[in-house]
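S.K.: Per the working numbering, the very first residue in the sequence shown carries number 13; after that it's consecutive. Cβ atoms here follow ideal geometry from the backbone N, Cα and C, with glycine treated the same way. No experiment lies behind these values; they were computed from the predicted model shown.
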Amino acid sequence: MDPAQKAAADAMPADTGRKGRRRAKAAIDLKPDMTTDSLQLFLKDIGKVRLLTAQEEVELAKRIERGDLDAKQKMVESNLRLVVSIAKNYRNQGLPFLDLIQEGTLGLVRAAEKFDYRKGFKFSTYATWWIRQAIARALADKARTIRIPVHVVEKLNKIGRAERKLVTELGREPTPEEIAEVTGIDPEEVDSIKRSAQAPVSLEKPVGDEEESEFGQFIADEKAESPFDRAADLLTKEALKEALENLSYRERRVLELRYGLGGEHPRTLDEVGRTFNVTRERIRQIENQSLKKLQQLGEAQKLREVT
């Protein structure tokens, strides 16, 4: 069934534990034939839902822990704006916007089920990882074009389990070093394996704070308007990896974090700045410098050959 055909009753599955609690009622109402106007009304409606206070989140989490399905629904409904906000970063990557919202809602439901209020984290901070993972996984399943070797899949699953564990413990996305400590896999290999599982990246993907440019504009093009340029709209993960290897580790990480490459999710200049403990302006400088390097390296020809 198409994700957009599911109401939140499908997004909030029945408990498979021994108590066998019934399926929760719908939290959102996404129709497959939803028009642009009705989508706008839906977005307007969820915008009217009052945000929860920290104390209300704790109280709902306690009720959810006791199996209260109404509490789970309220937690989900009160955070749907977060799903929409995150889903916007994944447009033009292979799935309709409604599908992205639906997949993100699945992640939000999972976060509501797993949230541990005792650790003192904000629910939205914790839920962000689950929402992004759900959307990224759906995009990868939809768009992946290269089969990943079995041994890599095994390590990827191990990394995924460690990530989920660490997110629960830390209340945020773990670093490659933290994942390495749990899995015993070298941090560089953790980074590489996560990149190997990424979905292809569209050359038409909007980039920059104002989305005024497309990623493909930063790849050197010696034969503009060639048949290849008109026909090809995907950049495979292996080709992208080869191009990024010409950059320093820091430059590569900035691009991965800014544009959602290598299994990452798109982040703002401020978010990346906090990761590297530098200002947003410094990140902007590194970003521009890295993109210029890609252009000057003339990687376009190599990418065409791999594609």
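#1: Cutting at 7 angstroms between CB atoms, please list the residues of its own chain near residue 229, excluding the five before and the five after it.
#2: Would you say the stretch 189-198 touches the stretch 138-153, given that touching needs at least three Cβ pairs under 8 angstroms?
#3: Tell me whether the stretch 55-67 and the stretch 86-96 touch, counting them as touching only if at least three CB pairs, one residue from each stretch, are closer than 8 angstroms.
#4: Just verifying my parser: in three-state terms, what is the DSSP assignment at residue 183?
#5: Candidates 75, 105, 152 and 173: which alpha carbon is nearest residue 125's?
#6: By the three-class DSSP mapping on this structure, what secondary structure does residue 300 have?
#7: Taking C-beta to C-beta, are residue 117 and residue 92 nearer than 9 angstroms?
#8: Counting only beta-carbon separations shorter than 9 angstroms, does residue 171 have a partner in chain D?
#9: Measure the beta-carbon distance from residue 277 to residue 101 and round it to whole angstroms, keeping in mind my assumption that it falls under 8 angstroms.
#10: Using the Cβ count rule (16 or more neighbours within 10 Å means buried), how would you classify residue 90?
#11: Run through DSSP, which three-state label would residue 60 get?
#12: Answer with buried or exposed for residue 153, where buried requires no fewer than 16 other C-beta atoms within 10 angstroms of its C-beta.
#13: Does DSSP put residue 295 in a helix, a strand or coil?
#14: Counting C-beta neighbours from all protein chains within 10 Å, is the total for residue 63 16 or more, i.e. buried, or is it exposed?
#15: Under 8 angstroms, with one C-beta from each stretch per pair, do the stretch 259-268 and the stretch 281-301 reach the 3-pair mark?
#16: Taking the straight line between their C-alpha atoms, what separation do you get for residue 111 and residue 201?
#17: Using the C-alpha atoms, what's the distance from residue 176 back to residue 166?
#18: So residue 129 packs on residue 70, CB below 8 angstroms; how close in whole Å?
#19: How would you write the range of the alpha helix (DSSP H) that residue 287 sits in, first residue to last?
#20: Nearest by alpha-carbon distance to residue 109: which of 55, 87 and 120 is it?
#21: Using only the alpha-carbon positions, how far apart do residue 77 and residue 148 sit?
#22: Thinking C-beta only, is residue 131 closer than 9 angstroms to residue 183?
#23: Report the rounded CA-to-CA distance for residue 285 versus residue 271, giving the unit in angstroms.
#24: Where does residue 105 fall in DSSP's three states?
#25: Whose C-beta lies closer than 7 angstroms to the C-beta of residue 188 among residues of the same chain, with five residues either side of it excluded?
#26: Does residue 257 pass the burial test, meaning 16 or more other C-beta atoms within 10 Å, or should it be called exposed?
M.R.: The short version:
#1: Looking up residue 229 in the sequence shown gives position 217. Residue placement at residue 229 is poorly supported in this model, since its pLDDT is 47, which falls under 50; the coordinates are not used for a value here.
#2: Verdict: no, contact absent.
#3: Output reads yes: the stretch 86-96 touches the stretch 55-67.
#4: Your numbering for residue 183 matches position 171 in the sequence shown. When DSSP states are grouped into helix, strand and coil, residue 183 belongs to the coil group.
#5: Here residue 125 is taken as the residue at index 113 of the sequence shown, counted from 1. Taking only the C-alpha atoms, the option nearest residue 125 is 75.
#6: Within the sequence shown, the letter at position 288 stands for residue 300. Residue 300 carries a helical assignment under DSSP once its states are collapsed to helix, strand and coil.
#7: Taking the sequence shown and counting its residues from 1, one reaches residue 117 at position 105. Taking the sequence shown and counting its residues from 1, one reaches residue 92 at position 80. Cβ distance < 9 angstroms, so residue 117 and residue 92 count as in contact.
#8: Reference to chain D is not applicable here, since this structure consists of a single protein chain.
#9: Residue mapping note: residue 277 aligns to position 265 of the sequence shown, counting from 1. Residue mapping note: residue 101 aligns to position 89 of the sequence shown, counting from 1. That belief holds up - the Cβ atoms of residue 277 and residue 101 are roughly 7 angstroms apart, short of 8 angstroms.
#10: Within the sequence shown, residue 90 is the residue found at index 78, counting from 1. The residue is buried, with at least 16 neighbouring Cβ atoms inside 10 Å.
#11: Walking along the sequence shown from the start, residue 60 turns up at place 48. Three-state DSSP puts residue 60 in coil, outside helix and strand.
#12: By 1-based counting over the sequence shown, the position of residue 153 is 141. With a 10 Å radius around the Cβ and a threshold of 16 neighbouring Cβ atoms, residue 153 comes out exposed.
#13: The residue labelled residue 295 in the question sits at position 283 within the sequence shown. Looking at residue 295 - three-state DSSP - the assignment turns out to be helix.
#14: Along the sequence shown, one-based indexing puts residue 63 at 51. Residue 63 comes out exposed.
#15: Because the criterion of three Cβ pairs below 8 angstroms is met, the stretch 259-268 and the stretch 281-301 touch.
#16: What you label residue 111 is simply residue 99 of the sequence shown in a count that begins at 1. What you label residue 201 is simply residue 189 of the sequence shown in a count that begins at 1. Looking at the two C-alpha atoms, the distance is approximately 32 angstroms.
#17: The residue labelled residue 166 in the question sits at position 154 within the sequence shown. The residue labelled residue 176 in the question sits at position 164 within the sequence shown. Across the structure, residue 166 and residue 176 are spaced so that their CA atoms are roughly 16 angstroms apart.
#18: Here the question's residue 129 lines up with position 117 in the sequence shown. Here the question's residue 70 lines up with position 58 in the sequence shown. About 5 angstroms; that satisfies the 8 angstroms criterion.
#19: Taking the sequence shown and counting its residues from 1, the one referred to as residue 287 is at position 275. Unbroken alpha helix (DSSP H) run through residue 287: 281-288.
#20: Indexing the sequence shown from 1 puts residue 109 at position 97. Residue 109 has its Cα closest to that of 55, out of 55, 87 and 120.
#21: Within the sequence shown, residue 77 is the residue found at index 65, counting from 1. Within the sequence shown, residue 148 is the residue found at index 136, counting from 1. C-alpha separation (whole angstroms): 27 angstroms.
#22: Numbered from 1 along the sequence shown, position 171 holds the residue referred to as residue 183. Numbered from 1 along the sequence shown, position 119 holds the residue referred to as residue 131. Yes.
#23: Counted from its first residue, the sequence shown places residue 285 at position 273. Counted from its first residue, the sequence shown places residue 271 at position 259. Cα to Cα, residue 285 sits roughly 14 angstroms from residue 271.
#24: Along the sequence shown, read from residue 1 onward, the residue named residue 105 stands at position 93. If DSSP states are grouped into helix, strand and coil, residue 105 belongs with coil.
#25: Counting from 1 along the sequence shown, the entry for residue 188 is found at position 176. If the five residues before and after residue 188 are omitted, its C-beta is found closer than 7 angstroms to the C-beta atoms of 199, 202 and 203, all from its own chain and listed in chain order.
#26: Start at 1 with the first residue of the sequence shown, and residue 257 comes out as number 245. By the 10 Å Cβ count, residue 257 comes out exposed.
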